[in-house]
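In my numbering, the protein residues as written are 23 to 396. Note that beta-carbon positions come from the ideal geometry of N, C-alpha and C, so glycine has one too. See structure below.
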């Protein structure tokens with residue numbers, strides 16, 4: 023990953039380049055984003071730039087021994103930590119056990135989500151974590167001598183997924199890592215990161231990709247027309263993966279829309295049998311996808327409320343979602359929108375806390391039944 027491969031974010035790139043050129047490298051840096059803005063790509067490009075032997079003012083050279091090893095993500099002084107699903111029967115218990123899959127996943131994939139990674143490793147219904155055992159691996163790696171790089175880099179993707187035991191054991195080494203060690207963390211939910219870790223890292227907010235940068239990238243990379251590119255960029259709201267979903271209307275987004283429509287129709291018709299069937303279907307898709315579905319529902323409720331004002335610049339729906347909203351939006355109004363959002367957020371919180379999913383979704387459908395007729 024090079025800075026040139028990252029869409030927009032010129033101000034962030036320049037801050038990182040200045041840091042490297044001046045040799046002012048924080049021992050721990052936390053990149054934060056809402057998702058899809060390129061924080062991981064920026065962290066990886068920064069790591070490459072730090073260790074490039076012949077970097078320019080704008081990017082790494084791509085030719086030196088360090089860059090060639092970074093091309094294959096196989097530099098001996100580059101270490102990754104990321105959420106995994108422990109599989110003792112396959113002897114996959116720490117991140118290094120997944121390194122071949124991780125390198126294959128990252129190849130030509132600068133923008134991705136946790137769901138993309140879980141699908142890639144066929145995690146099924148399992149939740150991904152950075153397990154407590156990982157702390158010993160990290161401490162061991164950072165205690166070894168640096169092989170050849172100017173800076174040893176530990177890149178932690180989604181520190182909010184650190185097991186509490188693991189997070190607490192890492193506090194000292196994050197605060198005082200060995201010399202010439204850069205700990206780069208990339209978070210999509212910094213409010214869920216342990217507070218004592220937050221206080222030990224320099225924050226680097228990564229804003230959503232600017233609409234004009236997104237439009238340009240969609241035109242250059244996918245040949246979208248002058249009419250389609252701005253429309254897709256508007257719907258993406260600064261997230262490149264969301265732009266890709268809009269272009270392809272991926273299977274997951276289509277499934278979520280179908281389930282949302284079914285839930286609202288069942289609740290309006292007071293179809294208890296349909297509610298039970300929908301709850302059973304949602305119970306079988308895994309907790310991460312269940313949480314994503316409930317977040318998607320909250321977004322659609324918000325969009326349907328805004329749709330009533332006939333202001334296209336304020337709505338972010340693809341044609342299929344907008345088609346459903348033509349008839350559905352009148353049922354989302356000032357009398358029920360806040361309560362609908364609260365019930366969906368409450369259900370998401372219950373799923374996060376491992377409450378029985380079938381009960382959560384059936385109870386949610388019943389509550390929506392009472393609200394949708396207001």
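Under 7 Å between C-beta atoms of residue i and residue j
i	j	result
residue 327	residue 278	no
residue 282	residue 319	yes
residue 157	residue 182	no
residue 286	residue 300	no
residue 86	residue 76	yes
residue 68	residue 82	no
residue 356	residue 313	no
residue 59	residue 228	yes
residue 135	residue 230	no
residue 237	residue 251	yes
residue 132	residue 27	yes
residue 307	residue 362	no
residue 123	residue 143	yes
residue 154	residue 117	no
residue 54	residue 212	yes
residue 174	residue 196	no
residue 199	residue 49	yes
Element boundaries [alpha helix (DSSP H), containing residue i]
i	result
residue 186	186-191
residue 231	Taken as a continuous stretch (DSSP letters only), residue 231 belongs to no alpha helix (DSSP H), as it is neither H nor E.
residue 297	294-305
residue 221	Here residue 221 belongs to no alpha helix (DSSP H), and DSSP marks it neither H nor E.
residue 37	32-44
residue 254	250-258
residue 394	379-394
residue 158	156-165
Presumed contact (8 Å Cβ cut-off) between residue i and residue j, rounded CB distance
i	j	result
residue 52	residue 220	7 Å
residue 29	residue 239	5 Å
residue 380	residue 305	4 Å
residue 310	residue 137	6 Å
residue 386	residue 364	Contact doesn't hold; Cβ gap of about 11 Å is too wide.
Exposure label - residue i; buried when at least 16 CB within 10 Å
i	result
residue 297	buried
residue 45	exposed
residue 247	exposed
residue 152	buried
residue 169	exposed
residue 343	buried
residue 358	buried
residue 39	buried
residue 382	buried
residue 377	exposed
residue 224	exposed
Limits of the unbroken beta strand (DSSP E) element including residue i
i	result
residue 178	174-179
residue 208	203-209
residue 51	50-54
Quiz item: Which runs of the beta strand (DSSP E), 3 residues or longer, sit entirely within the region 66-149?
Solution: 100-103
Quiz item: Considering only residues of the region 317-362, which uninterrupted alpha helix (DSSP H) runs meet the minimum length of 4 residues and lie entirely inside it, listed in chain order?
Solution: 341-350
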